[in-house]
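Participant: The working numbering applies: residue 511 is where the sequence shown begins, and numbers increase by one. No residue lacks a Cβ here, since even glycine has one placed at the ideal position from N, Cα and C.
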Amino acid sequence: MDIEVNKAQRIAYLRGIDDAQFKEAVLDQMNSLRLQKVNLVDDMDVILNGYDSVCKKFPIKAKKKK
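#1: Thinking C-alpha only, which one of R520, K567, K566 and Y561 is nearest A473?
#2: Taking just the CA atoms, how far does V515 sit from F532?
#3: Cα separation between L545 and D553?
#4: So, L550 versus L558, is the Cβ gap smaller than 9 Å?
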């Protein structure tokens, strides 16, 4: 197994992923874990709090009607 070839394959795969979409997916997953009472590192809590405030200020999903 050639480690350098594997590294190149991983890099090629990652280049095909949209950066903003990936970041949002990670943040959504971390927020989901936090809602399940999983303790996150302090830095991630700070990032998620900032992301949540941006999501509230600039919503992109319609609110559910009661």
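Facilitator: Reading from the atomic positions:
#1: The displayed coordinates of the chain run from 511 to 576. Any statement about residue 473 would go beyond what the structure contains.
#2: Rounded to whole angstroms, F532 to V515 spans 24 Å at the Cα level.
#3: 16 Å
#4: yes
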